[in-house]
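Structure first, commentary second.
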Amino acid sequence: MKRARLSLIGALLLPLAFLLLPVTSAYAAANTATFAKTSTWDNGYQGQYTITNNGTAATSGWTVEFDLPSGTSAGTYWDATLTQTGSHYAFKNRDYNGSLAPGASAVFGFVVAGGGAPTGCKLNGAACAGGDGGGGSADTQAPSVPGGLTVTGHTSSSVSLSWSASSDNVGVSGYEVYQGSSSATTVTGTSATVPGLSASTAYTFKVRARDAAGNLSAFTSTVSATTDASSGGGGGSTGGRFSPYIDITFATPTLRDVANATGQKHFNLAFALADSTGCNPSWGGTVPLNDSRVIGEVNDLKGVGGDVTVSTGGAAGPYLETTCGSSAALEAAYKKALDAVGSNRLDVDVEASIPVAQVNTALKQLQSERGTTISYTLRVQAQDYGVDPFSVQILQDAASRGLNVTVNPMLMDFGFTGDWGTAIISAANATLGQMRQIWPGKSDADLKHMLGLTPMIGKNDTGPTTTQAIARQVLSYAQSNHVGSIGFWSAGRDNGGCPNGSVQPTCSGISQSTYEFTNIFKGFTG
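Heads up: the sequence shown is residues -28 to -1, 1 to 498, going by mature numbering (1 follows the signal peptide of the UniProt record, and there is no 0).
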């Protein structure tokens, strides 16, 4: 009887025992955190973890922990919060990426100084698995070398490449494209366009594959390509570009008017903003992208060999960058605006707060998919400071993601003492100094080629006046330093219709001939 009762109790408790077993191992089997090096350089790399819910129920949060060896440390990071104790790092989800439906993934990234990989990775206390950089059974097999690297096209400022896919025991996660000995871009497909090159210049390129564990294939054989000669209107043998802004919501002057009068063929269309429905681009927030007047102007310009850059943001709003609720939605909005005018050049003019990580994620994806040429036009704090602190954060985040950008300080409306022309040059030099800190591995020549200059012609909002003589001073600085680009605000103000010193959207506020500043700056050759 006693033995029978014990047997009965055991039978009753056995299922309960299974219910009380720790769930950690089951959770770990359903969820993985996979490490990858997404970009490498001589003294460090950019890494990321992909957290994937392989189970059948949603997760409500994640924490990834790992250690870095002596001499290696993580700095800038994104899409997670960090708690660090010595060489131990614990990254926890943010409020927007903690909940993962079955099959969904979240990614966070960080920049590492030194070459050591993470070890002892844990996801919510269990082994990360899936190639964690040291904890669990890591994948150590490199992908095969990409095949058939070929030049598929070139312009005066870019080269397009394609190759055949690599194979890997787990899976190829991307390809690193090198220009000479420097990383130019990283893409997920088997083609890429490398932007920001100089005209009439020979370049070499090579490609290697990487897998999710960060294993790298050997490089392909190099291929060579020579960029085209500049098409004029601010281009030259070294690839400098002059492209003034024009408020495309105004019916006059037209792009063709300016081109016919001056020979200028490149313009920045200002501004693509969110319309009243939300994350939908329009000109100035009100004019549809496919407006017949705007499209007609762009087509007329292209008919004489010109092209346009789409500019977003500006002094007003609503910004696409803040209206669109995700990086994917923002990227789609960028594509829609670019496609409307047949452009692959995007300028983001930041004069308000933006969600930095979301914007740079969208821009990086856009550049990876299309090779889009991207510039950031940013506010200047003061003549000896450079761009303002928020702009520095934007650029630091862009650099951490491997985003290739032109840095375009707005040389207008900033604090200064002394001569305005000298202050403009000082602000440009101060911005260049900030860029040296953000991109320490780049040469001075490369950094100068990444620099753009955009003054406001005539009377500025805060009092100073950019005269014709100062414009020539800016041009001389740009030529002697071989900066990448010049613009100005704006082609619609490039006339003497209000020589009384007032600040107007349709004239410069000073005595000048029509399109005098355009004719000064169109001599820029880089």
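Heads up, the beta-carbon is just placed ideally off N, CA and C, and yes, glycines get one too.
query, result
"Beta-carbon gap between G469 and T478 smaller than 8 Å", "yes"
"CA nearest to the CA of G277, picked from H238, L302, T249", "H238"
"heavy atom of the ligand FAD below 7 Å from T91 C-beta", "Judged by which ligands are present, the structure shown has none, so any question about the ligand FAD falls away."
"For G208, three-class secondary structure by DSSP", "Legend: pLDDT at G208 = 34, less than 50; position of this residue unreliable, value from coordinates given subsequently. Residue state, collapsed to three classes: coil."
"Separation of T198 from T127, as counted between CA atoms", "9 Å"
"Own chain partners of Y487 with C-beta closer than 6 Å, once the 5 adjacent residues on each side are dropped", "A233, T234, D466"
"Alpha helix (DSSP H) segment containing E488, residue limits", "488 to 493"
"Residue environment, G495, which counts as buried when at least 16 other CB atoms sit within 10 Å", "exposed"
"Segments assigned alpha helix (DSSP H), at least 4 residues, entirely inside the stretch 209 to 247", "227 to 234"
"Separation of L95 from S172, as counted between CA atoms", "51 Å"
"Simplified DSSP state of A324, which is helix, strand or coil", "coil"
"Every unbroken alpha helix (DSSP H) inside the stretch 426 to 492 [4 residues or more]", "440 to 453"
"7 Å Cβ shell around G33 - same chain, five flanking residues per side excluded", "N65, G70"
"Identity of the residue in E303, G285, L310 nearest Y348 by Cα", "G285"
"Cβ pair Q339, L375 closer than 8 Å", "yes"
"Top-ranked residue by Cα proximity to A85, from L419, S372, L447, S77", "S372"
"For P41, the three-state DSSP class (helix, strand or coil)", "coil"
"Inter-stretch contact at 8 Å, needing at least 3 Cβ pairs: the stretch 411 to 430 / the stretch 379 to 394", "yes"
"Unbroken beta strand (DSSP E) run spanning M382, endpoints", "378 to 383"
"Sequence ranges, alpha helix (DSSP H) only - wholly within the stretch 262 to 316, length at least 4", "264 to 275, 292 to 295, 299 to 313"
"CB contact flag (T162, A190, <8 Å)", "no"
"Proximity below 8 Å, CB of D219 to CB of G464", "yes"
"Cα-Cα separation, L227 to S130", "24 Å"
"Inter-residue Cα distance where the pair is N432 and M407", "26 Å"
"When S315, F362, T345, G435 are compared against L241, the one with the closest alpha-carbon", "S315"
"Endpoints, alpha helix (DSSP H) assigned at N69", "Per DSSP, N69 belongs to no alpha helix (DSSP H) and is neither H nor E."
"Proximity of V83 and T22 at Cβ, strictly below 8 Å", "no"
"Residues sharing a beta bridge with G19, DSSP", "K9, F82"
"Cβ shell of D39 (< 6 Å), same chain only, five flanking positions each side left out", "S59, H60, T91, G92"
"Closest Cα partner of I410 within the set P361, G119, T434, W392", "P361"
"C-alpha gap between Q56 and W50, whole angstroms", "15 Å"
"Ordered list of beta strand (DSSP E) runs contained in the stretch 115 to 173, each at least 3 residues", "119 to 126, 131 to 136, 144 to 151, 154 to 159, 163 to 166"
"Contacts around E269, its chain only, beta-carbon distance under 8 Å, and the 5 residues preceding and following it disregarded", "I220, T226, L227, R228"
"Cβ shell of N332 (< 7 Å), same chain only, five flanking positions each side left out", "D369, A370, R373, L375"
"Sequence-distant residues of its chain with Cβ nearer than 8 Å to I492 (five each side left out)", "Q440, A443, R444, L447"
"P260 - DSSP class collapsed to helix/strand/coil", "strand"
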